[in-house]
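Chains as they are written, first to last, in the numbering used here: chain Y, 102 to 308; chain U, 102 to 308.
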């Protein structure tokens, strides 16, 4: 039984994991290194990692491979998660091709679309199938996570269908808020970081 | 002269703005509503918004249009930011088509690629131009923000070229860490939210 980890720490673990992935083969990594790349302070890094039972060695740091394994275990990334992508347009294609997903143990179990011109085409080795197959595919392929990569006006309908098909974890890339009470919905707004950049840009130009 | 806003608040403002965008025409919005959608508590919302000088009315909430305007002003989203996207593949195409960017005042000033098969093609009304034009286009079109949508192994080279061309704000969508000291680099790791979902999924199945 794993220990409950605070949500704010959970949100930072993928960032640490990404920093560590860039250091493969370097042996050790200090909390200061992780802090700098993740944009927090070193004390926060040490506190976050203590939830995983990871202890650095003073003056040396953390063992990169051990720490990666500890974070993967804490995040539950030790087995493969079959994912369905709804939407075979540019965004769906980009996501299916996205190396980061496979690296962390997410496999693209299905890509679905309603557009007959896309059905039957292949994206990164996965054939696009009709959306009408959703309810059969989810149990048959053990799919646990759904990704919405449709236009905004389809996102709510797709979210409802994913939930009805038994999907309890949904990642919504459409730039709109949807309400699906039966499932946990997380939103990826691709413009959020752009807005933060714009703020800092203004600050610099006024300084 | 605007007041300095803490980084953690800046990071939440785009989330509030997204919530508010969904409420256009509804008149008012309580701090509880914003808190629920943004995943923080209402006291945090009120504290964040107080940096903008926004005051809600007890029992009524914030005026949606006024608050949207206050957040846009605070984030510096009152003028248009011309953006260059490097990489005209699936990810670059998805970003160029992404409605969220235009909504918040980012305009796609150029899409660049090194692949002759992509150069000359049109994405959302913008013609893909050769990467060799970068240094001329940046000053000519007043471009201030660069988006890296290339494969990982090109990200560092592209980051260096963007910085050399005078770009001080870079958004990196390639799943790798790059080091460009002359510019602020923010990373969008599309798998971060997926990893957080996976953690919660495990927690639920163990509960």
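Glycine residues also receive a C-beta, built at the ideal position from the N, C-alpha and C atoms.
The structure presented is a predicted model; accordingly, all values stated were derived computationally and were not measured.
Original post:
Is residue 187 of chain Y near the ligand COA, with its Cβ less than 6 Å from a heavy atom?
Top reply: No copy of the ligand COA occurs in the structure displayed, which carries no ligand at all.
Original post:
Going by C-alpha distance, which of U/225, U/282, U/152, U/260 is nearest residue 274 of chain U?
Top reply: The option with the nearest alpha carbon to residue 274 of chain U is U/260.
Subject >> Whole-angstrom distance between residue 277 of chain U and residue 105 of chain U, CA atom to CA atom >> reply: Cα to Cα, residue 105 of chain U sits roughly 30 Å from residue 277 of chain U.
Original post:
In whole angstroms, what separates the C-alpha of residue 148 of chain Y from that of residue 182 of chain U?
Top reply: Residue 148 of chain Y and residue 182 of chain U have their alpha carbons spaced roughly 38 Å apart.
**OP:** Just the chain Y side, please: which residues come within less than 9 Å of residue 120 of chain U by C-beta, in chain order?
**Re:** Chain Y residues near residue 120 of chain U: 278.
**OP:** Starting from the Cα of residue 248 of chain Y, find the closest Cα among Y/289, Y/306, Y/107 and give me that residue.
**Re:** Just measuring C-alpha positions, the residue of Y/289, Y/306, Y/107 sitting nearest residue 248 of chain Y is Y/289.
Original post:
What residues from the region 216-241 of chain Y come within 7 Å of chain U, judged by C-beta to C-beta, listed N to C?
Top reply: So nothing in the stretch comes that close.
Original post:
What separation, rounded to the nearest whole angstrom, lies between the Cα atoms of residue 157 of chain Y and residue 237 of chain U?
Top reply: Taking the Cα positions, residue 157 of chain Y is about 48 Å away from residue 237 of chain U.
**OP:** Buried or exposed for residue 258 of chain U, please, with buried defined as at least 16 other CB atoms from any protein chain shown within 10 angstroms of its CB.
**Re:** So residue 258 of chain U counts as exposed.
**OP:** Please report the residue range of the beta strand (DSSP E) in which residue 247 of chain U lies.
**Re:** It spans 246-249 - the beta strand (DSSP E) in which residue 247 of chain U sits, taken as one unbroken run.
Subject >> residue 281 of chain Y and residue 265 of chain Y closer than 7 Å at C-beta >> reply: Not a contact, by the Cβ cut-off of 7 Å.
Original post:
Along chain U, which residues have their Cβ under 9 Å away from the Cβ of residue 249 of chain Y?
Top reply: Those do not exist, as residue 249 of chain Y stays about 12 Å from chain U at its closest Cβ, beyond 9 Å.
**OP:** Taking only the alpha-carbon atoms, compute the straight-line gap between residue 141 of chain Y and residue 134 of chain Y and give it to the nearest angstrom.
**Re:** The C-alpha of residue 141 of chain Y lies about 10 Å from the C-alpha of residue 134 of chain Y.
Original post:
For residue 132 of chain Y versus residue 143 of chain Y, is the C-beta spacing smaller than 7 Å?
Top reply: In terms of Cβ geometry, residue 132 of chain Y and residue 143 of chain Y form a close pair [threshold 7 Å].
Subject >> the region 171-186 of chain Y contacting the region 202-209 of chain Y, beta-carbon criterion three pairs below 8 Å >> reply: The region 171-186 of chain Y, when compared against the region 202-209 of chain Y, does touch it at the 8 Å Cβ threshold.
Subject >> Cβ distance (whole Å) where residue 245 of chain Y is taken to contact residue 222 of chain Y below 8 Å >> reply: Rounded to the nearest angstrom, the Cβ distance from residue 245 of chain Y to residue 222 of chain Y is 25 Å, too far for a contact under 8 Å.
Original post:
What are the boundary residues of the alpha helix (DSSP H) that includes residue 286 of chain Y?
Top reply: Not the alpha helix (DSSP H): residue 286 of chain Y falls in the beta strand (DSSP E), residues 285-288.
Original post:
Should residue 284 of chain U go down as buried or exposed, given a rule of 16 or more other Cβ atoms within 10 Å for buried?
Top reply: Of the other Cβ atoms in all chains shown, 16 or more fall within 10 Å of the Cβ of residue 284 of chain U; this residue is therefore buried.
**OP:** Go ahead and label residue 214 of chain U buried or exposed: buried means 16 or more other beta carbons lie within 10 angstroms of its beta carbon, across all protein chains shown.
**Re:** Counting Cβ neighbours within 10 Å, residue 214 of chain U comes out buried, since at least 16 surround it.
Subject >> Run of the alpha helix (DSSP H) containing residue 293 of chain Y, from where it starts to where it stops >> reply: Per DSSP, the continuous alpha helix (DSSP H) segment holding residue 293 of chain Y begins and ends at 293-307.
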